[in-house]
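Report on the following structure.
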Amino acid sequence: MKSTISSSMIYVSKMKASIIWFIIIANHAQGISCKACCDDGWISYKFHCYLIGHKERTFMEAHHFCYQQGAYLVRIDNYWENKFLKDLLRNLKVSDTWTGLSDQRSEGIWRWFNTDRHASMSDWGPGEPNNNGNEDCVGFWPRINYDWNDYECNSKLRPLCEKP
Ligand SMILES: [Ca+2]
Ligand SMILES: [Ca+2]
Ligand SMILES: [Ca+2]
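Under this note's numbering, think of the first position of the sequence shown as 4, with each following residue one higher.
Pasting the structure below:
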């Protein structure tokens, strides 16, 4: 009887181990497949794909451009996504680039355009956002290390699109 219990316990712990291995391998495979899942020209980071549009556009034009790609103007959820994007833009020496952040609806209340959710983090350049004139749309500012700046929404910047 004792030996039956211990052998079934060993069986259960082996099952657990193989389930854990399965999860590890499945996650790894997902990571690999997602790298491949980004279309040509898109850049992969943590299961999301990013595209830097070539043509400079107004904020709304940039929004439409991303929408046409089945994407949205980038929504920056955390420090690491922000760092990844800044490093990418810096390495490629990209000019001013739109994010999806805006306070058009209510001055000083920053929301992501695609979800209407409030920003959970920020990376403003020194003295920004300054709403200089009337600036309601946010982009990466190459002159200040790609920190965030509020621009006039009719300024023409390059779109930065994201899709899951
Ligand atoms: Ca994002
Ligand atoms: Ca503003
Ligand atoms: Ca500004």
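All residues carry an ideal CB built from backbone N, CA and C; glycine is no exception.
Per DSSP, reduced to three states, the secondary structure at E165 is strand. In the same chain as D126, and ignoring 5 residues on each side of it, the C-beta atoms closer than 6 Å to its own belong to N85, D150 and W151, in chain order.
In this structure, G103 places its C-beta atom within 8 Å of the C-beta atom of L76. In this structure, E155 is the residue among H57, E155, E165 and H51 with its C-alpha nearest to the C-alpha of Q107.
Spatial neighbours of F143 in its own chain (CB-CB distance under 6 Å, excluding positions within 5 residues in sequence) are listed in chain order as L92, T100 and Y149. A buried status is given to L54, since no fewer than 16 other beta-carbon atoms sit within 10 Å of its beta-carbon. Cβ-Cβ distances below 7 Å link R78 to G103, W115, N117, T118 and E165 in the same chain, with the five nearest sequence neighbours on each side left out; the list follows chain order. Under the DSSP assignment, D150 falls in the beta strand (DSSP E) whose first and last residues are D150 to Y154. Distances from the CB of V77 to the heavy atoms of ligand 1 include at least one below 7 Å. Linking K49 to P167 through their CA atoms gives a straight-line distance of about 9 Å. When secondary structure is reduced to three states using DSSP, F50 falls in the coil class, being assigned neither helix nor strand. Among the bridge pairs identified by DSSP, R60 is matched with L160. Taking 7 Å as the cut-off, the C-beta of E165 does not count as close to any heavy atom of ligand 2. Burial state of R161 is buried, judged by a 10 Å Cβ sphere holding 16 or more other Cβ atoms.
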